[in-house]
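Visitor: Numbering (the working numbering), first residue to last: 914 to 1371. Just so you know, even glycine gets a beta-carbon here, dropped at the ideal spot from N, CA and C. These numbers were taken from a predicted model, which means no experiment stands behind them. My questions will all concern the structure given below.
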Ligand SMILES: [Zn+2]
């Protein structure tokens, strides 16, 4: 009887203490959101990164300036440590692309193009050839060497607008950008022009990575804006023998030394167990990278600022990592994981923001089911702020190499419906950033980091 009474008292106390902890969490999370929504710190940091520093491809002087700028921000935050991690990065230099359609029937028309990342140049005289339009590799295979040889292949496959998830539409056709040059070169093409990867019909060419096969000749690869892709297709119907003039002034430079930028708050109970919150600091050479991934960088920095502002002394070490070179070789992410491995560091979880600064809607997790279930239990705390799901899915490119060490990976998911309009183009400018959506992204990440730190994931 007596033991029953004590059991009862114990149960009542546990229920009260758990209710108290939940209530305490709600208050702390509300404070994190209140602070994020009433401060323009992250927004102004992003303004500087995208407008004062601008395009910052790995190896470039602007990438070095971005390293210096973000290091200074972290140093001004009274963190426990701020340091640079050396990374060897590729340096591909593009001094611009010119293109025009020349036709006795349609006239001479300038078209907006850009070089695809890592492409070879055309030489100073450029390339002039007839254009073969295709919508797929299969169509090109059917045309064969006879029709393709000596010509420029124009991959004009639009992203499927019926796909609700823009990344799905993107991944269905991105092969023409990444593999188009090597596939066309097999049939003797002299260059490729690839329709830009966006749903929007506009005047911005979108770049991105492409790859050669060492056993196949390297031919220049460019992207054309969607508006001119539509026009080129129409002009080809009027004059199938029109000439396309393409001049690309880009080349591979020797590898350069750059850095990942790291700032951390030391854990009070488990200083050797790390929670990473990361993003990539580089952006494409034509893009100020406000959304991709300047927004992610200021999110990561803001997570540390929000935790400090609330005087939260985390149990685990919270480490913001701004990775260099996600766009070309992902060398920053690989180097970070290699160093973590060498130093035998334990990572509790890694969270990445690389989906732009638009409205946060959820988190996706790349981990084992029991870990996912544990993180999903935090969802109720985030629902009131518009983060309406936590589900199994993609973590992130930069944190990806940590997967080998079985680190749970989490990606911040933002509303992506506008994202492809900016992605990898000169249109990814600061004026496309909504301050409140940016702030909500940072606060959502800070809240999740707070919960993972407090309750652990074991
Ligand atoms: Zn990115």
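Decide yes or no for the touch test of the segment 1354-1367 against the segment 945-955: beta carbon pairs closer than 8 Å, at least 3 of them.
Guide: yes
Visitor: Residue 1124 to residue 1091, Cα distance in whole Å?
Guide: For the pair residue 1124 and residue 1091, the Cα-to-Cα distance works out to about 6 Å.
Visitor: If distances are taken between C-alpha atoms only, which option among 1027, 1013, 1051 comes closest to residue 1021?
Guide: 1013
Visitor: Can you give me the start and stop residues for the beta strand (DSSP E) that residue 1022 sits inside?
Guide: 1020-1023
Visitor: On the DSSP letters alone, give me the boundaries of the alpha helix (DSSP H) that residue 1131 sits inside.
Guide: From DSSP, residue 1131 is part of no alpha helix (DSSP H); its letter is neither H nor E.
Visitor: Rounded C-beta distance between residue 1264 and residue 1237? I'm assuming under 8 Å.
Guide: 18 Å between Cβ atoms; not a contact.
Visitor: Starting from residue 1091, trace the alpha helix (DSSP H) both ways and give me its first and last residue.
Guide: 1079-1098
Visitor: From residue 1147 to residue 1270, what distance separates their C-alpha atoms?
Guide: 36 Å
Visitor: What residues sit near ligand 1, counting only those whose C-beta is closer than 5 Å to one of its heavy atoms, in chain order?
Guide: This criterion selects 1205, 1206, 1267.
Visitor: Go ahead and pull the three-state DSSP assignment for residue 1312.
Guide: Looking at residue 1312 - three-state DSSP - the assignment turns out to be coil, as it is neither helix nor strand.
Visitor: Does residue 1005 come out as helix, strand or coil in the three-state DSSP assignment?
Guide: strand
Visitor: Round the Cβ separation of residue 1064 and residue 1044 to the nearest angstrom and send it over; I've been treating them as touching at under 8 Å.
Guide: 7 Å
Visitor: Is the CB-CB distance between residue 1058 and residue 1101 below 8 Å?
Guide: yes
Visitor: With a threshold of 16 other CB atoms inside 10 Å of the CB of residue 1332, please say whether the residue is buried or exposed.
Guide: Buried, since its Cβ has 16 or more Cβ neighbours within 10 Å.
Visitor: Cutting at 7 Å between CB atoms, please list the residues of its own chain near residue 1307, excluding the five before and the five after it.
Guide: 1277, 1279, 1324
Visitor: Taking the C-alpha atoms as reference points, what is the distance between residue 970 and residue 998?
Guide: 17 Å
Visitor: Okay, do the segment 1284-1294 and the segment 1335-1351 touch, 3+ Cβ pairs below 8 Å being the bar?
Guide: no
Visitor: DSSP on residue 1330, reduced to helix/strand/coil?
Guide: coil
Visitor: Using the three-state DSSP reduction, which class does residue 1349 fall into: helix, strand or coil?
Guide: helix
Visitor: Can you give me the C-alpha to C-alpha distance between residue 1240 and residue 1027, rounded to a whole angstrom?
Guide: Between residue 1240 and residue 1027, the alpha-carbon positions lie close to 16 Å from each other.
Visitor: Counting only the same chain and skipping the five closest in sequence on each side, list residues whose C-beta sits under 6 Å from that of residue 1142.
Guide: 1069, 1108
Visitor: Determine, using beta carbons only, whether residue 1380 and residue 987 come nearer to each other than 8 Å.
Guide: Lying before the first or after the last residue shown, residue 1380 is absent from the chain, which here runs from 914 to 1371.
Visitor: Am I right that residue 1362 and residue 1216 are in contact with their C-beta atoms under 8 Å? What's the rounded C-beta distance?
Guide: 6 Å
Visitor: Could you give the distance in angstroms between the alpha-carbon of residue 1096 and the alpha-carbon of residue 1050?
Guide: 8 Å
Visitor: Relative to the C-alpha of residue 937, which residue among 1223, 1329, 1234 is closest?
Guide: 1223
Visitor: Considering residue 1141, what are the terminal residues of the alpha helix (DSSP H) in which it resides?
Guide: 1139-1151
Visitor: What's the C-alpha gap between residue 1158 and residue 1110?
Guide: 22 Å
Visitor: Which term fits residue 1004, buried or exposed, when burial requires 16 or more other beta carbons within 10 angstroms of its beta carbon?
Guide: buried
Visitor: Can you tell me whether residue 1283 is helix, strand or coil according to DSSP?
Guide: helix
Visitor: Less than 8 Å between the C-beta atoms of residue 1364 and residue 1321, yes or no?
Guide: The answer is no: Cβ separation not under 8 Å.
Visitor: Are residue 1351 and residue 1031 close, meaning C-beta to C-beta below 8 Å?
Guide: no
Visitor: When we look at the beta-carbon of residue 1136 and count the other beta-carbons within 10 Å, is it buried (16 or more) or exposed?
Guide: Classification for residue 1136: buried.
Visitor: Thinking just about the alpha-carbon of each residue, which of 1086, 1071, 1131 is nearest to the one in residue 1114?
Guide: It is 1071.
Visitor: Of the residues 1173, 1083, 1168, 1343, which one's Cα is nearest the Cα of residue 981?
Guide: 1173
Visitor: Could you give the distance in angstroms between the alpha-carbon of residue 1299 and the alpha-carbon of residue 1198?
Guide: 34 Å
Visitor: With the cut-off set at 8 Å, would you say residue 1268 and residue 1200 are in Cβ contact?
Guide: no
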